[in-house]
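Comments concern the structure below.
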Amino acid sequence: YPLVLRHTTEEVLEACLEALEPVRAAMTSQLKAKVMTELEEGLQKHNWFNGFDISDDLPKQLTLEKWIQQAKDLNATIFIS
């Protein structure tokens with residue numbers, strides 16, 4: 392999600408390409424793990440928090456049709472902006 396939270400398609404493409412660079416991906420993964428651990432520790436104090444459902448998988452290419460089907464299968468909420 393943070394890869395596509397940009398203003399232009401050019402910025403989205405650049406962010407996605409950068410994310411695939413091994414050194415950057417490793418650094419981002421380590422920083423994300425640290426932040427997620429600290430957030431989880433703080434949020435566990437609340438009875439409404441059930442954990443995160445965010446994976447650390449690399450992005451994968453899908454056709455539009457497969458993406459739509461996956462969204463339907465997961466009953467996903469799609470934000471269009």
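Residue numbers (this note's numbering): 392 to 472. The beta-carbon is built from N, C-alpha and C at its ideal position, and this holds for glycine as well.
Is residue i helix, strand or coil by DSSP?
i    : result
Q452 : coil
T428 : helix
I445 : coil
A473 : The structure shown does not extend to residue 473, since the chain is modelled only from 392 through 472, so no value can be given for it.
Under 7 angstroms between the Cβ atoms of residue i and residue j?
i    : j    : result
I469 : A462 : yes
Using C-beta distances below 8 angstroms, list every residue in its chain close to residue i, excluding the 5 sequence neighbours before and after it, in chain order.
i    : result
R415 : E409
Going straight from the alpha carbon of residue i to that of residue j, what length do you get?
i    : j    : result
S420 : E429 : 14 angstroms
W439 : E431 : 12 angstroms
D464 : L455 : 14 angstroms
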